[in-house]
């Protein structure tokens, strides 16, 4: 087993941390499943995350940080690769994601999303953020792709 996939449990208090790490790996597996299907993934965050933190997260996708307008970032990315909103799936959890959730042809929200995000016509995951919601939404998107073939 690779080191980044292992969890050391020394005391009983480590179990919740181990469980969280495994759930976070499920989300990474979700991104990998999308990449295996030829689906590009992009993480847009309002937070100003340091590059050193991003590199330790071993994310499998491009990351845009300190995004004050997520819709503008999404539209810029779409125009660079020639996509329309009919070809975009978007997952979001906060009020700042609502506009993107409404415009994307397929959208999803984790179980612990904000009320405004949940009110959009989105696929509602049973899992919360950092607890497998990305993998759940990825599997939903893959089933839509395979159903369209």
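Numbering (my numbering), first residue to last: 1 to 149. For each residue, glycine too, the CB sits at the ideal point set by N, CA and C.
Item, Value
"7 Å Cβ cutoff met for residue 90 and residue 114", "no"
"Counted within 10 angstroms of its Cβ, other Cβ atoms place residue 143 as buried (16 or more) or exposed", "exposed"
"Straight-line Cα distance separating residue 147 from residue 140", "11 Å"
"Reduced DSSP category for residue 117 - H, G, I as helix; E, B as strand; rest coil", "helix"
"Through-space distance from residue 97 to residue 31, alpha-carbon basis", "19 Å"
"Cβ-based burial, residue 61 [other Cβ within 10 Å; buried from 16]", "exposed"
"Contact check, residue 136 vs residue 29, beta carbons under 7 Å", "no"
"Helix, strand or coil at residue 106 [DSSP, three-state]", "strand"
"Residue 68 burial status per 10 Å Cβ neighbour count (16 or more: buried)", "exposed"
"Own chain partners of residue 44 with C-beta closer than 7 Å, once the 5 adjacent residues on each side are dropped", "64, 67, 70, 73 and 74"
"Close-in-space but distant-in-sequence residues of the same chain around residue 145 (CB under 8 Å, 5 per side omitted)", "37 and 39"
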